[in-house]
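Protein chains in written order, with our numbering: chain F, 1 to 264; chain U, 1001 to 1265.
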């Protein structure tokens, strides 16, 4: 049975000093992308963790997470095959010695799905839209470059895990087209929460939750101006990717072509 | 009284998980912590200083650490009747055995980068809870595959992802400990039998030689029939087996065992 998620709601808990958080409720609707920002140790990962385990006042922060305005039953919280949440952690390296193709079929199996060559092809194709250097199905996971690993992982989370909620904890993002990556992750009305201070990712959102001393202190709506700034930085980044490929290919690069498409 | 056994390979994060569990449990329950290891450990000291709960250190030395644990469990229970929860951390080494008991709760702390789950024996397959540690070192997809592999060898286990650095996930273990059955007075049973210890090497033989090992075994067996097998420690050795080895090595005299001495008189 698949649970259709319309929105998740965060009810206030307490900060590090046991003071109640000063907000009524935070609602995140289907299709929204939300950034979580704050200093190191401010409690960003704790907030992600609360959402990941669908906290019911039983974590350090005492927050309660509702799904479609309702409390969540235990089965849903622990059964991996019904897991509503996929997450991309800080570590974006693979450790398994196996080909890309076999790895994806293993992951399909772990998710309780049947072997599906068409889907595997799609995952790789989509990953190749995010990275500059194409991945082929026969490549060994351990031989992928950093950019390729990240691209594959993102495409895998989007296409194999297919969870309605995606949590991203400060992913390393060198060597990938970040806007494209977010597009792929957020498609089809998913909810995406991302801990980041990268301007491209933080501004490519609907709002930002600001965390301080373990508590949520502010919610900022991402302005059009900020979105423009983010977009500009993404263009610079992607242009960098093109130049990287040229360097890899042994070419000379002596001029910058300035062309940045406006925000759609 | 509840009895909780943590097992896992060295460095898997047992002590970190235990640390957070004790932190959560110590206000509401009277705890006791027993740390088993082979040669050396300071975890007992660390736990006692940090959490101010009574602890004991047990070093297996010459004995197989799982045998030694099983031998010591009744003593620990007897001496701690007033406690609510006894937490025991094992050395967990060769993966042949599992130290879990049917009447208590067995928790395997399993590190995601420690290799394929099907290489683990009863330490994993007979655990009630598998606490998967260091998940932050690998990707979500690999974590899900790892999880699936664990369930393929132990489908009954409750899987909990834990982070030994931040304590995330330990809350689920604490809940399981609270919900675990009380140990009634009476028999405790091992979930898995110990390996057969029936050769001269078990009595400390070192020369790799058929005759030598056979002779050593016969001599060891003879002594084994004489000692009380109570591991009373009055001979100065931790267990009867260790005493027998010392006698065979010429490091102790038979008569050091009070029972053998009495029999003679």
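Even glycine gets a Cβ: it sits at the ideal position worked out from N, Cα and C.
- Beta bridge pairing from DSSP links residue 155/F with no other residue.
- For the segment 1135 to 1156 of chain U, the set of residues with a beta-carbon nearer than 9 Å to any beta-carbon of chain F comprises 1135, 1136, 1137, 1138, 1139, 1140, 1141, 1142, 1143, 1144, 1145, 1146, 1147, 1148, 1149 and 1151, in chain order.
- Rounded to the nearest whole angstrom, the CA to CA distance from residue 1202/U to residue 55/F is 52 Å.
- Taken through DSSP and simplified to helix, strand or coil, residue 87/F comes out as strand.
- Here residue 45/F has 169 and 195 as same chain residues with Cβ atoms under 8 Å from its own Cβ, once five neighbours each way along the sequence are excluded.
- Per DSSP, residue 208/F is not a residue of any alpha helix (DSSP H); the beta strand (DSSP E) it occupies stretches across 207 to 212.
- Excluding the 5 residues flanking it on each side, residue 123/F has same chain C-beta neighbours closer than 7 Å at 104, 155, 156, 159 and 160, in chain order.
- By the C-beta criterion, the segment 143 to 152 of chain F is judged not to be in contact with the segment 67 to 74 of chain F, since fewer than 3 inter-stretch pairs fall below 8 Å.
- Runs of the beta strand (DSSP E) spanning 3 or more residues and lying entirely within the segment 1139 to 1166 of chain U occur at 1158 to 1161, in chain order.
- Counted as a single uninterrupted DSSP element, the beta strand (DSSP E) harbouring residue 1089/U occupies residues 1085 to 1089.
- As for any alpha helix (DSSP H) of minimum length 4 sitting wholly inside the segment 1 to 77 of chain F, the runs are 44 to 52, ordered along the chain.
- Per DSSP, the continuous alpha helix (DSSP H) segment holding residue 224/F begins and ends at 224 to 248.
- At a cut-off of 8 Å between beta carbons, residue 91/F contacts chain U.
- One thing to note: residue 1087/U has its Cβ within 8 Å of the Cβ of residue 1018/U.
- Boundaries of the alpha helix (DSSP H) around residue 128/F: 117 to 130.
- Residue 1131/U is bridged by DSSP to 1109/U and 1160/U.
- At a cut-off of 8 Å between beta carbons, residue 115/F makes no contact with chain U.
- Among the residues of chain U, none has a CB under 8 Å from the CB of residue 17/F; the nearest is roughly 19 Å distant.
- Chain F has no Cβ within less than 8 Å of the Cβ of residue 1049/U.
- Among the residues of chain U, those whose CB is under 7 Å from the CB of residue 94/F are 1139 and 1142, following chain order.
- At a cut-off of 8 Å between C-beta atoms, residue 1129/U does not count as an interface residue with respect to chain F.
- Boundaries for residue 1209/U: no alpha helix (DSSP H) harbours it, and the DSSP string shows neither H nor E there.
- Bridge partners of residue 1190/U according to DSSP: 1101/U.
- Taken in chain order, the complete beta strand (DSSP E) segments of 3 or more residues contained in the segment 160 to 224 of chain F are 165 to 169, 191 to 195, 207 to 212 and 215 to 221.
- Cβ-Cβ distances below 6 Å link residue 1056/U to 1034 in the same chain, with the five nearest sequence neighbours on each side left out; the list follows chain order.
- Three or more Cβ pairs closer than 8 Å define a contact, and the segment 184 to 200 of chain F meets that threshold against the segment 24 to 38 of chain F.
- At least one CB of chain U lies nearer than 8 Å to the CB of residue 161/F.
- Taking 8 Å as the cut-off, the beta carbon of residue 242/F is found no closer than this to the beta carbon of residue 184/F.
- Judged by their CB atoms, residue 1059/U and residue 1039/U are nearer to each other than the 8 Å cut-off.
- Within the DSSP secondary-structure output, residue 1056/U pairs in a beta bridge with 1034/U.
- Assignment of beta-bridge partners to residue 1002/U by DSSP yields 1085/U.
- Short of 6 Å from the beta carbon of residue 1255/U, and not among the five residues preceding or following it, lie these beta carbons of its own chain, in chain order: 1261.
- DSSP places residue 1068/U in the uninterrupted alpha helix (DSSP H) bounded by 1065 to 1079.
- Contact residues of the segment 1111 to 1125 of chain U toward chain F are 1113 (C-beta to C-beta distance below 8 Å).
- Looking only at 1124/U, 1132/U, 1101/U and 1145/U, the smallest Cα-Cα distance to residue 1094/U is reached by 1124/U.
- Taking a C-beta distance under 8 Å as the contact criterion, residue 1222/U and residue 1002/U do not qualify as a contact pair.
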